[in-house]
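A.B. asks: Residue numbers (my numbering): 468 to 1418.
Before we start, here is the structure in question, set down as structure tokens.
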């Protein structure tokens, strides 16, 4: 395939184009010359093969039209890949806001490949005997079909191409707009419902075996656009279903290579039962009279290959059905001779062999019952089925299998099932988030080989900490040994195959009447009692056929969710609210709504202490962190949040809000920021591979919105003023969050924190708070835990007289090994690290700004800088030579770290002078009055300025 112009250009030139509005004149000329040279060398084909908006940008670059290119690049930042389409027969591209942009037709002309179709299944259900598919389908950048012909659906035979037209009804499907990921178009009206009647299904079976694929046709510029419909990754719209017809045909309603299909099967024989009797595996197959009967059954797994002939069974006296039955017998000892121990699953392939040696899938008859048979301790033989109705045999660890799910009147989910008593003994149940990897331990009752799990989705216990609501996302259930070190031996909870049709199970969670909150001060539904006092909705569904999960409804409502609706809220609703009078309220935002913490928390507590008559509103993100019970809570990105941002007289934040945010007359916005910089930030990263010139260019505007920016010390004032392009003066008050080290009641506060965490008396408390690594990511793109401490070895050496509080960075996701076993405590979900500083005797960190805060305590610090050279020289860069100024030892290995903890008194003595110099450089002012100074300045000259600033 010929390369495109973008593919031929170097990474440097592509970067110039990406950040063209911020580029220098020399860079612009380099881009123009390169684009022109590539076009002259390779011809127009390298340009016309690009995606439409990209094609426009490279054309303008080659022509040296810098002003036009600046506008196009900025537009594409707002709406990547987005454009408008004009022309019914000869479609052409028009860029939003740039209708007057002069472009040749070869650049604006749109081919069929430029207008791809997205067709997605979202639901499958049966209404009587009718099959009903639901989903959405749209042509990219065409939110509405054009022409006189409406959208249509057909089944297309995979081999012959024969078409069967189906009944399609248009529906509204808001998932389409959300899933598109773009902010320019609304695709809500592109939903569909397609019905395949029972009569039509019988007709398909009558045509014989084969596959039929669902296609959606959409009229648009240039003709009809068609596409196969794609499956989901979970639920009924993500799994095959088997339908048995009276004539012996089977319909597999599901998917082939991710495309929605109906497969017609007419098997000559099916497996009717598979059981273990007296040490033998007995398989019974049945065949209709006149059908060809398989000669044998073959079971294979690696080097294990077993065969058994199918021998006739005499039917019961007076049997009236039309089947002949046969059986195959296998030695259970031979089948399981090489079974491994532990948690490994060993699957077998079962094949029905014909006389000529040809193999057929072992398809299951209607009414087949799955089962299991105990083997060696902890192992079982599973007689299972898959979603396509095939026999599956496997040896595996004994699994907990759900057979009953109910919801109590109070909104509690009760999950029951079988788990042999000897296997369940000494186990606990873990709920794990599929993306965040956060874990909660839920109560389980074990009796007589059965288990009962009760889940209050608004108050699920954490391993170390208070009960909190389940945040949006999928929560999977596992059994784990009570003394397990990590998740490596977890056993998944699965659903009995015969009951997969009972899902999805939808229910309403607990009702918090009168604003009642569960333990931990947490409010339901994004922190607010929903309108009308309605509880949140939850769904139990499945993945990988029988793996069940619990999924809370998303935090934002239908008119708030997704990039498109967020744009509408910002551009329309937020602007409307700005025209209304200001309210005496304070909106707080800490780390994007991830915590009730940091300097915004201390400003809040000072205002409450003074009795300032304002409403307090805290921002909460989708992780549903713990929030103060006395405040109103607004979900990040909700209408309530935009209203609060537009109308609150005071806004207190420690991160930027967005370059779209503009304060209004009479509104005070305070930026407290969240750390003294060791690693490079903002404009000081310019020129590095990780820098974003567009972000850096937005900094002056973003920081103009704040009445003042808080600085903890003179060092930070100089760096932040330059790196964040702060045009106004900074307020060098010290960080309010560090007043905790000077509070008169700090001993009492520490005692309350110890009690809340349940820390044992007499043990030294070590707090580990590392920063995140930009180059350590999960497949989901979230940052993962880069754990280099040997926690097991640390526990063996220190567990008798130490506890380790493990505080992950808010951006990091991953479970902490050993948490909950007495030595390691995962305190990531604890609201504020400032409280943890009070109970810590020693801090372990790396390049985190925590070191500057903890220096106020005069307590020792250790620096686990196992990747110092990589982090400093490649990843991020540091502002000063950490090796010479660090107020504690820089340690490379886990062994060194453990030794330093054991010899902490000697370390403290050795670094006493360095610590004193460090504190003088970075901890002034440090008098416990920072919060008062910040609040006084925030209120000065306003309607609340008379509130006394005690102390």
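Built from N, CA and C at the ideal position, the CB exists for glycine as well.
Where residue 491 and residue 515 are concerned, what is the direct C-alpha to C-alpha distance, given to the nearest angstrom?
C.D. replies: For this step, residue 491 is matched to residue 24 along the chain shown. For this step, residue 515 is matched to residue 48 along the chain shown. Cα-Cα distance, rounded: 27 Å.
A.B. asks: So, does the segment 1325-1332 touch the segment 1122-1130, judging by three or more C-beta pairs under 8 Å?
C.D. replies: Touching, no.
A.B. asks: Mapping the DSSP letters down to three states, classify residue 640 as helix, strand or coil.
C.D. replies: Taking the first residue of the chain shown as position 1, residue 640 is located at position 173. Residue state, collapsed to three classes: coil.
A.B. asks: How big is the Cα-Cα spacing for residue 1422 and residue 578?
C.D. replies: Past the edges of the chain, shown from 468 to 1418, lies residue 1422, and the structure says nothing about it.
A.B. asks: Near residue 474, which residues of its chain fall below 7 Å by C-beta distance, leaving aside the five closest residues on each side in sequence?
C.D. replies: Taking the chain shown and counting its residues from 1, one reaches residue 474 at position 7. Around residue 474: no qualifying Cβ.
A.B. asks: For residue 933, which of 812, 677 and 908 has the nearest alpha-carbon?
C.D. replies: Residue numbering aside, residue 933 sits at position 466 when the chain shown is read from its first letter. Nearest C-alpha to residue 933: 908.
A.B. asks: At which residue ranges does the segment 656-730 contain complete alpha helix (DSSP H) runs of 4 or more residues, listed in the order of the chain?
C.D. replies: The qualifying runs are 665-673.
A.B. asks: Tell me the DSSP secondary structure of residue 621 in three-state form.
C.D. replies: Counting from one through the chain shown, the residue named residue 621 turns up at place 154. It is a strand residue.
A.B. asks: Please list the terminal residues of the continuous alpha helix (DSSP H) segment that includes residue 524.
C.D. replies: For the purposes of this step, residue 524 is taken as residue 57 along the chain shown, with counting starting at 1. Where residue 524 is concerned, the enclosing alpha helix (DSSP H) stretches over 519-530.
A.B. asks: One question on the structure: do residue 523 and residue 562 come within less than 9 Å of each other, judged by their Cβ atoms?
C.D. replies: Stepping through the chain shown from its first residue, residue 523 is reached at position 56. Stepping through the chain shown from its first residue, residue 562 is reached at position 95. Yes.
A.B. asks: Assuming residue 1379 is part of the beta strand (DSSP E), what are its boundary residues?
C.D. replies: As a position in the chain shown, residue 1379 is number 912, starting the count at 1. Careful: residue 1379 lies outside any beta strand (DSSP E), inside the alpha helix (DSSP H) at 1379-1389.
A.B. asks: Assuming residue 780 is part of the beta strand (DSSP E), what are its boundary residues?
C.D. replies: Within the chain shown, the letter at position 313 stands for residue 780. It spans 778-780 - the beta strand (DSSP E) in which residue 780 sits, taken as one unbroken run.
A.B. asks: What are the start and end residues of the alpha helix (DSSP H) that includes residue 1222?
C.D. replies: Numbered from its first residue, the chain shown carries residue 1222 at position 755. Here the alpha helix (DSSP H) through residue 1222 covers 1213-1224.
A.B. asks: Going by the CB atoms, is the gap between residue 738 and residue 831 shorter than 9 Å?
C.D. replies: Translated into the one-based positions of the chain shown, residue 831 becomes position 364. Translated into the one-based positions of the chain shown, residue 738 becomes position 271. Cβ atoms of residue 831 and residue 738: closer than 9 Å.
A.B. asks: Apart from the five residues on each side of it in sequence, which residues of its chain come closer than 7 Å, Cβ to Cβ, to residue 479?
C.D. replies: For the purposes of this step, residue 479 is identified with residue 12 of the chain shown, where counting begins at 1. If we look at residue 479 and ignore the five residues flanking it on each side, it has no Cβ neighbours.
A.B. asks: Tell me whether residue 1046 is buried or exposed, calling it buried when 16 or more other Cβ atoms sit within 10 Å of its Cβ.
C.D. replies: Position 579 of the chain shown, counting from 1, holds the residue named residue 1046. Its Cβ having fewer than 16 others within 10 Å, residue 1046 is exposed.
A.B. asks: To the nearest angstrom, how far is it from the Cα of residue 995 to the Cα of residue 1102?
C.D. replies: Working through the chain shown from its first residue, we reach residue 995 at position 528. Working through the chain shown from its first residue, we reach residue 1102 at position 635. With a pLDDT of 41 at residue 995, under the threshold of 50, the predicted position of this residue should be treated as unreliable, though the coordinate-derived value follows. If I take the Cα positions, the gap works out to 8 Å.
A.B. asks: For residue 741, write down the residues that DSSP places opposite it in a beta bridge.
C.D. replies: The residue labelled residue 741 in the question sits at position 274 within the chain shown. Paired residue(s): 750.
A.B. asks: How big is the Cα-Cα spacing for residue 1195 and residue 1174?
C.D. replies: On the chain shown, position 728 is the one that residue 1195 refers to. On the chain shown, position 707 is the one that residue 1174 refers to. Looking at the two C-alpha atoms, the distance is approximately 8 Å.
A.B. asks: Hey, residue 1053 and residue 1009: beta-carbon distance below 9 Å or not?
C.D. replies: Within the chain shown, residue 1053 is the residue found at index 586, counting from 1. Within the chain shown, residue 1009 is the residue found at index 542, counting from 1. Against a cut-off of 9 Å, the Cβ pair of residue 1009 and residue 1053 comes out as no contact.
A.B. asks: Take the Cβ of residue 759 as the centre, count every other Cβ of all protein chains shown within 10 Å, and call the residue buried at 16 or more, exposed below.
C.D. replies: Locating residue 759 in the chain shown gives position 292, where the first residue counts as 1. So residue 759 counts as exposed.
A.B. asks: Would residue 1235 and residue 1208 qualify as a contact pair, given that the criterion is a beta-carbon distance under 9 Å?
C.D. replies: Along the chain shown, one-based indexing puts residue 1235 at 768. Along the chain shown, one-based indexing puts residue 1208 at 741. Result no, Cβ atoms of residue 1235 and residue 1208 do not sit closer than 9 Å.
A.B. asks: Could you pull the DSSP bridge partners for residue 1187 from this structure?
C.D. replies: For this step, residue 1187 is matched to residue 720 along the chain shown. None, per the DSSP bridge assignment.
A.B. asks: Once you ignore the five residues that flank residue 1323 on each side, which residues in its own chain have a CB closer than 7 Å to its CB?
C.D. replies: Counted from its first residue, the chain shown places residue 1323 at position 856. Same-chain partners within the cutoff: 1205, 1208, 1390 and 1393.
A.B. asks: Can you name the start and end residues of the beta strand (DSSP E) that residue 590 belongs to?
C.D. replies: Sequence index remark: in the chain shown, residue 590 carries index 123 (1-based). Residue 590 -> beta strand (DSSP E) spans 584-594.
A.B. asks: Report the option in 569, 567, 1266 and 605 whose CA atom is closest to the CA atom of residue 584.
C.D. replies: For the purposes of this step, residue 584 is taken as the residue at position 117 of the chain shown. The candidate whose alpha carbon is nearest that of residue 584 is 605.
A.B. asks: How would you call residue 780, buried or exposed, if buried means at least 16 neighbouring beta carbons within 10 angstroms?
C.D. replies: Sequence index remark: in the chain shown, residue 780 carries index 313 (1-based). That one is exposed.
A.B. asks: Once DSSP output is grouped into helix, strand and coil, what is the label at residue 882?
C.D. replies: Residue 882 sits at position 415 when you count from the first residue of the chain shown. In this structure, residue 882 counts as strand in the three-state DSSP scheme.
A.B. asks: Are the beta-carbon atoms belonging to residue 852 and residue 865 less than 9 Å from one another?
C.D. replies: Position 385 of the chain shown, counting from 1, holds the residue named residue 852. Position 398 of the chain shown, counting from 1, holds the residue named residue 865. For residue 852 and residue 865, no; Cβs fall outside 9 Å.
A.B. asks: Along the chain, where does the beta strand (DSSP E) that runs through residue 1019 open and close?
C.D. replies: Sequence index remark: in the chain shown, residue 1019 carries index 552 (1-based). Residues 1014-1019.
A.B. asks: DSSP three-state label for residue 1333, please.
C.D. replies: Numbered from 1 along the chain shown, position 866 holds the residue referred to as residue 1333. Note: residue 1333 maps to coil in three-state DSSP.
A.B. asks: Should residue 744 be labelled buried (16 or more other beta-carbon atoms within 10 Å of its own) or exposed?
C.D. replies: Here residue 744 is taken as the residue at index 277 of the chain shown, counted from 1. Classification for residue 744: exposed.
A.B. asks: Over what stretch of residues does the beta strand (DSSP E) that includes residue 604 continue unbroken?
C.D. replies: Position 137 of the chain shown holds residue 604. Its beta strand (DSSP E) spans residues 597-606.
A.B. asks: DSSP three-state call for residue 1171: helix, strand or coil?
C.D. replies: Working through the chain shown from its first residue, we reach residue 1171 at position 704. Residue state, collapsed to three classes: helix.
A.B. asks: Comparing C-alpha positions only, which one of 880, 900, 1309 and 680 sits nearest to residue 627?
C.D. replies: Against the chain shown, residue 627 aligns to sequence position 160. Cα-wise, what sits closest to residue 627 is 680.
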